Every structure is written in structure tokens, then in C-alpha cells.
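For reference, the structure discussed in these notes is given below.
Numbering (the numbering used here), first residue to last: 320 to 434.
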């Protein structure tokens with residue numbers, strides 16, 4: 320199995336093909352992908368490259384990390400597995416709850432229906 324490489328601080332006009340070309344100098348590249356923001360459709364400035372052989376991937380990481388690409392210093396390292404996202408509350412995804420309507424201030428007759 321190949322090695323997945325994280326590439327950060329990319330110029331926003333970089334494509335997946337650009338990434339593949341950059342890394343092919345170090346070995347066989349099976350995939351190059353720039354991550355796109357789903358709302359704006361623009362690059363998020365990072366991507367991933369999958370290389371076929373671990374030793375070639377390590378050579379690419381060593382050579383490219385910190386180098387200038389399109390006027391920006393690249394961050395290149397071995398991609399870490401994505402951590403599972405939790406729903407935050409541990410309550411089955413429902414974050415809601417809390418409170419009712421207006422109660423007025425405690426100890427006063429405001430909002431008490433005029434009693």
C-alpha cells in the first residue's frame with residue numbers, strides 16, 4: 320500500500336494535477352487531490368498526494384517540506400488518519416434543549432398576568 324502525504328500552504332490556484340506533477344519527480348504518484356470548500360467552491364489551500372512506495376514518499380517529504388511553491392513555503396508531511404468527529408454532546412446528535420418562554424424577573428409581578 321502507498322503512503323498518503325499532506326501538502327499544506329498551497330497557492331489557491333493549485334490543482335490536483337499540479338500536485339501530481341510536483342511529486343512525480345520523486346516516484347510514482349497514484350493520486351493528487353486539492354481540498355475544495357464545499358460552500359465557496361474555492362481551494363482550502365491544502366491537499367493530499369498518494370505515492371505508491373513508502374521510500375519515494377519519504378524522499379518527497381524530505382525534499383519538498385519548507386520549499387517555496389508559488390511564493391509560499393510548503394508544509395509537507397505524512398498524512399495522519401482523520402479522527403472521528405463526535406456530535407459534541409454525546410446525546411445522539413441533538414444539541415438542543417433549554418429554557419421556555421419569558422418568565423419575567425423573579426419576585427416581581429411583571430409578566431405574571433396582573434395578579
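Glycine included, C-beta positions come from ideal geometry on N, C-alpha and C.
Just so it is clear, the structure is predicted and the values come from calculations on it, not from any experiment.
- For residue 396, which residues from the same chain have a beta carbon less than 8 Å from its beta carbon, with the 5 sequence-adjacent residues on both sides left out? 324, 325, 380, 384
- Count the other CB atoms within 10 Å of the CB of residue 369; is the residue buried (16 or more) or exposed (fewer)? In this structure residue 369 is buried. Its beta-carbon is surrounded by 16 or more other beta-carbon atoms within 10 angstroms.
- Message: Run through the DSSP bridge pairs and tell me what residue 325 is partnered with.
- Response: 367, 396
- Can you name the start and end residues of the beta strand (DSSP E) that residue 335 belongs to? No beta strand (DSSP E) contains residue 335, which is instead part of the alpha helix (DSSP H) from 335-343.
- Nearest to residue 348 (by Cα), restricted to the options 402, 361, 371, 377: 371
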